[in-house]
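Numbering (our numbering), first residue to last: 310 to 830.
Built from N, CA and C at the ideal position, the CB exists for glycine as well.
The model shown is predicted, which means the values in this text are computed figures rather than measured ones.
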């Protein structure tokens, strides 16, 4: 093939600093819940204000091209913990299922090597880890005892993340290195409607994504989202201040990111840009320079080997993720590692949004210039079926949620309702967000960052489409993706432990669907 995305295994070189070894560093990982790139003021936003995130970027590195392995909470977090792609994680590659114990996680490895570990807020999840053989969440022991006395809005968690971090620090042994997972539950929905406007926030018109209509409803919804991003960031700021007060800030690697994109139509649960492209900043010992910006394409799954190497622990065999230390330790900005030509991402079932609890299998490859998406079953509705008239608004028992507006893979919100009720006014935006898609999608990110124009059938883009399809399917086959090698229907057989909905067909919570278990050959 051409040099478009030929990957090199070669790592960088003489200008890179060594991975920290002596006096092993502490690690603080902060993960927002549903926040898209570029929604942080370090990226130039005037709406989404994040002074703590900005301070991390100013002390270290700001990544412009960081991506999740899946646009959904639990598969994305499973990939981060293991360094594997979702098609390599069996049940953990779907949302709200099991996390098989056979897959090692970096948190366990850190603890076995002497680290004190813990989390507050949202760890791996949603899903069932207990019945898969775990004695605790794969993210570690919980520190969730403290609650805040007041909140700026009703949708915000009562968890006092910073106070729980303080309790965690008080329990570690003197001199013991630590790993802490700050899993904010913000800006996950639901929001208190109008809370952003009430707090005095204002939105820059240029920051309304082009896949959403410019209405007062959308503006207000985005400001509610911005308020919750600010809350997450405020607790990060308190944690950084705690570390400074006890003299540990300079010995702590701080990484701040999000598990997937914003909970708006055409974002979360989609492989388009606003579903998989997330903020990422890092600082701390071994991270060279201050205020560097890096353009290399990185996956959050790469954090797994990065943390292991920081602690002097061998990386996991068989996991394709690559350590970020050659990039973190370099003094360069821009594109640094010539081997980082692309990232891979994928999705399977999100919520119960279709008959038989079926998902929407898709895979993507993102290069510097292009995003290519392969939808394996385009006859299915990408974000869930429209509401069947005989079940709309009804539930069937305590384990069930009603089908309301349909398209249930999209979180309920004023923005979703706006697009559905005003589909005649915004037919193109409605079509992109809700209707069926072709087998292939191709977007030129240089000119179309909102993924509005699918070039997959364009003769002018045929060479690029063909090369990306070949590269993607070749990589998937090499990593044993059942959607390419055979038996891909197994993903639809995996149990779902979240609430079900009264769609036709299989809907047994926590059970395998026998219709999708592949026959033995």
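Q: Look up residue 814 in the DSSP assignment and say whether it is helix, strand or coil.
A: DSSP places residue 814 in coil when its eight states are reduced to three.
(Q) So for residue 510, helix, strand or coil by DSSP? (A) coil
Q: Alpha carbon to alpha carbon, how far is residue 581 from residue 689? Give it in angstroms, no decimals.
A: 17 Å
(Q) For a test of the three-state rule: what should DSSP assign to residue 330, helix, strand or coil? (A) Legend: pLDDT at residue 330 = 44, less than 50; position of this residue unreliable, value from coordinates given subsequently. Residue 330: coil per DSSP, three-state reduction.
Q: Look at the alpha carbon of residue 331 and the alpha carbon of residue 483, and state the distance between them as a whole number of angstroms.
A: Residue placement at residue 331 cannot be trusted, given a pLDDT of 49 that sits under 50; what the coordinates show is reported in the next sentence. Distance between residue 331 and residue 483, taken at the CA atoms: about 17 Å.
Q. Is it buried or exposed for residue 828, if we count other Cβ within 10 angstroms and need 16 for buried?
A. exposed
Q.
For a minimum of 3 consecutive residues, which ranges assigned as the beta strand (DSSP E) are wholly contained in the stretch 668-701?
A. 671-676, 679-684
Q) Whose C-beta lies closer than 7 Å to the C-beta of residue 794 among residues of the same chain, with five residues either side of it excluded? A) 786
Q: Would you give the residue range spanned by the beta strand (DSSP E) that residue 586 belongs to?
A: Where residue 586 is concerned, the enclosing beta strand (DSSP E) stretches over 586-592.
Q: Thinking residue 587 and residue 572 are a contact (beta carbons under 8 Å), I'd like their distance in whole angstroms, please.
A: Going by Cβ atoms, the distance from residue 587 to residue 572 rounds to 13 Å, so no, they are not a contact pair.
(Q) For a test of the three-state rule: what should DSSP assign to residue 485, helix, strand or coil? (A) Coil at residue 485, not helix or strand.
(Q) Report the start-end ranges of each alpha helix (DSSP H) in the stretch 721-787 that is 4 residues or longer and not cut off at the edges. (A) 723-730, 736-743, 771-787
Q. Starting from residue 561 and walking both ways along the alpha helix (DSSP H), at which residues does that stretch end?
A. No alpha helix (DSSP H) contains residue 561, which is instead part of the beta strand (DSSP E) from 561-567.
Q: Between the Cα of residue 436 and those of 467, 400, 452, 455, spot the shortest distance and give me the residue it belongs to.
A: Out of 467, 400, 452, 455, 400 has the C-alpha closest to the C-alpha of residue 436.
Q | Top-ranked residue by Cα proximity to residue 492, from 564, 486, 815 | A | The shortest CA-to-CA distance from residue 492 to any of 564, 486, 815 is the one to 564.
Q.
Tell me the residue span of the beta strand (DSSP E) that contains residue 428.
A. 425-430
Q: Could you tell me the distance, in whole angstroms, from the CA atom of residue 727 to the CA atom of residue 505?
A: Rounded to the nearest angstrom, the gap between the Cα atoms of residue 727 and residue 505 is 18 Å.
Q: Kindly confirm or deny that the stretch 761-774 and the stretch 376-385 touch, where touching means at least three C-beta pairs closer than 8 Å.
A: no
**Q.** Helix, strand or coil at residue 470 according to DSSP, with G and I counted as helix
**A.** Residue state for residue 470 is assigned as helix, using DSSP reduced to three classes.
(Q) Please report the straight-line C-alpha distance between residue 292 and residue 660, rounded to a whole angstrom. (A) Shown here, the chain extends from 310 to 830; a query on residue 292 therefore has no answer.
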